[in-house]
Amino acid sequence: MASKEAQERKLKEIQEIAAGWGKILAAEAFPGGPSLDVTLADMEELAVAASRALVKGAVETMAQTQGAQFGQEAPCPTCGRMCSLKILPRPVVVRGGDAMLDEPVGHCPTCRRDFFPSAAGAED
Ligand SMILES: [Zn+2]
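Take any residue in the sequence shown, note its place counting from 1, add 30, and you have its number in the working numbering.
This is the structure in structure tokens:
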């Protein structure tokens, strides 16, 4: 994990990029600018819908990239046997919207149980 200062700098950079996307979105939604009958509530609704889509795309991509780091197999947490992993979609509610996460899930035939490989083990 990066230092707190580096994390804050990165977050500010990402917020500036997202603010730029907001300007692009506005130009896309109203190429000549919004007409006088467009209310602030209309503008807000459009921006919130776009924001939810952004949260969904970002969270799904980050979770998928993270899940791929587990590889093809993981040890069963009960008996330690190496078990193959498969990717299963799981719907989740996150702040700002819904997302479908592709999660690695292992099944141990010895213990007859499913398990989720731990993130702590992935850093070893
Ligand atoms: Zn087991």
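C-beta atoms are modelled at their ideal positions from N, C-alpha and C, and glycine is treated no differently.
Cβ-heavy atom distance, residue i to ligand 1, below 8 Å
i      : result
Thr91  : no
Arg120 : no
Arg143 : yes
Thr108 : yes
Thr69  : no
Among the options, nearest to residue i - alpha-carbon criterion
i      : options                      : result
Gly101 : Gln37, Met112, Val68         : Met112
Cys141 : Ala104, Leu41, Val78, Cys109 : Cys109
Gln94  : Pro134, Gln37, Ala80, Phe145 : Pro134
Gly97  : Val123, Gly136, Asp67, Val78 : Gly136
Spatial neighbours of residue i in its chain, beta-carbon cut-off 7 Å, leaving aside the 5 residues before and after
i     : result
Leu76 : Ala59
Spatial neighbours of residue i in its chain, beta-carbon cut-off 6 Å, leaving aside the 5 residues before and after
i     : result
Lys34 : none
Beta strand (DSSP E) segments (min. 3 residues) lying fully within the region 36-100
none
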